[in-house]
Amino acid sequence: MPPEGSDVTVADLVKKAAEEAVANTDYVYSEEYKMYYSVSTGYYYDPATQLLYEPTSGKYYRYDASTGNYHLHSQVKPTKKKARAERKERRKRKKRNGSSASEESREEGELQGTSEEDSAESSAESVDPSDPPDPAKELPPCIRFVVKASEQLREHRLLLVSFPGATVGRRSGHGLHLPDDGVDKDHAELRFCEDRGGYLVKDLKSKSGTKLNGVMLEPTEESPLGHLDILEVGPVQLEAHIHPGSHTCGHCEPGLLSPVALPQPPAADTD
1 MPPEGSDVTV ADLVKKAAEE AVANTDYVYS EEYKMYYSVS TGYYYDPATQ LLYEPTSGKY
61 YRYDASTGNY HLHSQVKPTK KKARAERKER RKRKKRNGSS ASEESREEGE LQGTSEEDSA
121 ESSAESVDPS DPPDPAKELP PCIRFVVKAS EQLREHRLLL VSFPGATVGR RSGHGLHLPD
181 DGVDKDHAEL RFCEDRGGYL VKDLKSKSGT KLNGVMLEPT EESPLGHLDI LEVGPVQLEA
241 HIHPGSHTCG HCEPGLLSPV ALPQPPAADT D
């Protein structure tokens, strides 16, 4: 965390950590977009949601560390605005990498046929055509759990539960996998409730029980989970962070809690 009274922001600390992490990788940090860009593939990586975004198809991918595979998380209809942002980023990288004049000419030539269309569309929408793709704006809020206490999980580790929720347990197949001996194989469940506008948690008749802010939950009864609530899954204590959009704080920002780990984009488009 930046010291009180300092001009250093959370974003500055995250950028520094990110630069150290990507020094020998294909990813480049985009100051304008606040995301990482893969020069070779064109994928974007958003550290706030930990999702990969492919701008041409509009697909978001989530990496499953337990299997080493990518799974389709969601898909939105690609917009011309996002396509323009992608082309702009590609041209910017080519210039930075010293592309030849002929390559630049070809790239510009590819855009000549759409320049009038882009101009008309920009006027009609009254938006900046360079607006970056923002995965967080397309998706409901996720839950970022920070491990506060556990005998077998590293403290301050960040665990992400994406919309619309996940089951919780010791088995590797759970969306929130807690490999701690004190956690049941099938321990609890989290789900987003549209009617109540938030996440709910319930215990699945676990042996060691589930506590919310120190209160033991009745089996199978759902309780609302709020921002900064403490969820105890057996012996594992988790602090819940639920922020709107891509917002984070210094206590749940991935780049500050642990070294930034950037996944390699999928080799092929897989569902």
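Residues 1 to 271 in full-length UniProt numbering are what the sequence shown lists, from first letter to last.
For every residue, glycine included, the Cβ atom is placed at its ideal position computed from N, Cα and C.
Should residue i be labelled buried (16 or more other beta-carbon atoms within 10 Å of its own) or exposed?
i: cysteine 142; result: buried
i: aspartate 46; result: buried
i: aspartate 184; result: buried
i: aspartate 203; result: buried
i: alanine 149; result: exposed
i: proline 3; result: No answer about proline 3 holds up, because its pLDDT of 49 lies below 50 and its placement is not dependable.
i: glutamate 125; result: For glutamate 125, the predicted structure reports a pLDDT of 38, less than 50, and the residue's modelled location is therefore unreliable. The matter cannot be settled from this model.
i: glycine 173; result: exposed
i: glutamate 221; result: exposed
i: histidine 241; result: buried
i: leucine 176; result: buried
i: valine 161; result: buried
i: asparagine 24; result: Caution is warranted here: a pLDDT of 48 is assigned to asparagine 24, below 50, making its placement in the model unreliable, and the coordinate value is therefore given only provisionally. It counts as exposed.
i: methionine 35; result: buried
i: leucine 190; result: buried
i: glycine 234; result: buried
i: alanine 101; result: For alanine 101, the predicted model reports a pLDDT of 44, less than 50, meaning its position is unreliable; a value from the coordinates is still stated below. Burial call: exposed.
i: glycine 197; result: exposed
i: arginine 154; result: exposed
i: leucine 228; result: exposed
i: arginine 106; result: Any reading at arginine 106 needs caution, since the residue's pLDDT is 41, under 50, leaving its predicted position unreliable; the model's value is listed next. So arginine 106 ends up on the exposed side.
If you compare alpha carbons, which of the options is closest to residue i?
i: aspartate 186; options: Gly197, Leu160, Thr167 and Tyr60; result: Thr167
i: glycine 214; options: Glu239, Gly198, Tyr44 and Gly58; result: Glu239
i: aspartate 181; options: Thr56, Glu151 and Gly209; result: Glu151
i: serine 38; options: Thr49, Ala48, Gln50 and Glu54; result: Glu54
i: residue 272; options: Ala188, Lys34 and Leu52; result: The chain is shown only over 1 to 271; residue 272 falls outside these bounds and no answer can be derived.
i: alanine 178; options: Leu231, Phe192 and Arg196; result: The amino acid at residue 178 is misidentified as alanine; the sequence shows leucine. Cα-wise, what sits closest to leucine 178 is Leu231.
i: aspartate 195; options: Gln237, Pro224, Lys207 and Lys34; result: Pro224
i: glycine 58; options: Asp64, Leu72 and Gly198; result: Leu72
i: proline 219; options: Tyr199, Ser206 and Leu158; result: Ser206
i: valine 236; options: Met35, Thr210 and Ser66; result: Thr210
i: tyrosine 60; options: Leu228, Phe163 and Ser208; result: Phe163
i: alanine 48; options: Asp64, Arg154, Thr56 and Leu159; result: Leu159
i: glycine 226; options: Arg171, Leu200 and Met216; result: Leu200
i: tyrosine 63; options: Gln50, Ser208 and Arg170; result: Gln50
i: valine 76; options: Asp229, Thr67 and Thr56; result: Thr56
i: glycine 169; options: Arg157, His156 and Ala188; result: Ala188
Name the two residues that bound the continuous beta strand (DSSP E) containing residue i.
i: glycine 165; result: 165 to 169
i: tyrosine 193; result: One detail in the question is off: residue 193 reads as cysteine in this sequence, not tyrosine. Unbroken beta strand (DSSP E) run through cysteine 193: 188 to 193.
i: histidine 241; result: 236 to 241
i: asparagine 69; result: 69 to 75
i: glycine 198; result: 198 to 203
i: serine 223; result: 223 to 225
i: arginine 154; result: Counting along the chain, arginine 154 falls outside any beta strand (DSSP E), and DSSP gives it neither H nor E.
i: aspartate 64; result: 59 to 64
i: serine 38; result: 35 to 38
So who's on the other strand from residue i, going by DSSP bridges?
i: leucine 231; result: Leu212 and Leu238
i: arginine 144; result: Leu160 and His241
i: lysine 46; result: In the sequence as displayed, the identity of residue 46 is aspartate instead of lysine. Leu51, per the DSSP bridge assignment.
i: leucine 178; result: According to DSSP, which records beta bridges pairwise, leucine 178 is partnered with nothing at all.
Under the assumption that residue i contacts residue j (Cβ atoms under 8 Å), give the Cβ distance between them as a whole number of angstroms.
i: phenylalanine 192; j: glycine 165; result: 5 Å
Would you say residue i lies against chain D (beta-carbon separation less than 7 Å)?
i: proline 55; result: Structure shown: chain D not included; a single protein chain is present.
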